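What follows is a set of notes on a single structure, which appears directly below.
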Amino acid sequence: MTRHLRASRSRRTVPALREYTVMAAPSLAPFGVGTDRSGSVATRVNRAASSATSQAKSRRTCAGCGRKAPQAELIRFVAHEASLTPAAGAPGRGVYTCRRLACFERARARAAFNRVLRQTVRVDPALARLYTDADG
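Numbering follows my numbering, in which position 12 of the sequence shown is assigned residue number 14; successive positions increment by one, without gaps.
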């Protein structure tokens, strides 16, 4: 008798657990993502608005300090012939640093340029003049 009672209890709790999981999942999702499976206009508008705002302010991470900032506030470097080169509009994988010499030095000391660019690059110490020049 006891064995039968335990089996019936477990059968009752499993559907309740499934219902709870299904009901809880949409509330954990970010607004506008997976909350409305019907694809209503409101959901599509929210997705479009969120992607437009994220593209309007393109944010990048400094390889030296880890600060996230708008792309215009950072200096971009690329790997050109295994050498680190400052290039704002050059194609390929880029790495960004703040406009502070300390960030450049820290990224160089921690090999962050190699890690972010996914290749070994030679960092010319003369690049530090980009940070010490008055016009930057």
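Built from N, CA and C at the ideal position, the CB exists for glycine as well.
Since the structure is predicted, the reported quantities are computational estimates derived from the model, not experimental observations.
Query raised in the report: Taking the alpha-carbon positions, what's the Glu83 to Lys59 distance?
Result: On the sequence shown, position 81 is the one that residue 83 refers to. On the sequence shown, position 57 is the one that residue 59 refers to. Rounded to the nearest angstrom, the two C-alpha atoms are 31 Å apart.
Query raised in the report: Smallest Cα separation from Thr2: which of Glu107, Val123, Thr122 and Gly96?
Result: Given that the chain is displayed from residue 3 to residue 138, the structure contains no residue 2 and the question cannot be resolved.
**Report entry** Where Gly66 falls, given that 16 or more other Cβ within 10 Å makes a residue buried
**Finding:** Taking the first residue of the sequence shown as 1, we reach residue 66 at position 64. So Gly66 ends up on the buried side.
**Report entry** Residue nearest to Lys70 in terms of C-alpha spacing, selected from Ala113, Arg61 and Arg131
**Finding:** For the purposes of this step, residue 70 is taken as residue 68 along the sequence shown, with counting starting at 1. Per the Cα distances, Arg61.
Query raised in the report: So what does Val118 bridge to, in DSSP terms?
Result: By one-based count along the sequence shown, residue 118 stands at place 116. Per DSSP, none; premise fails for Val118.
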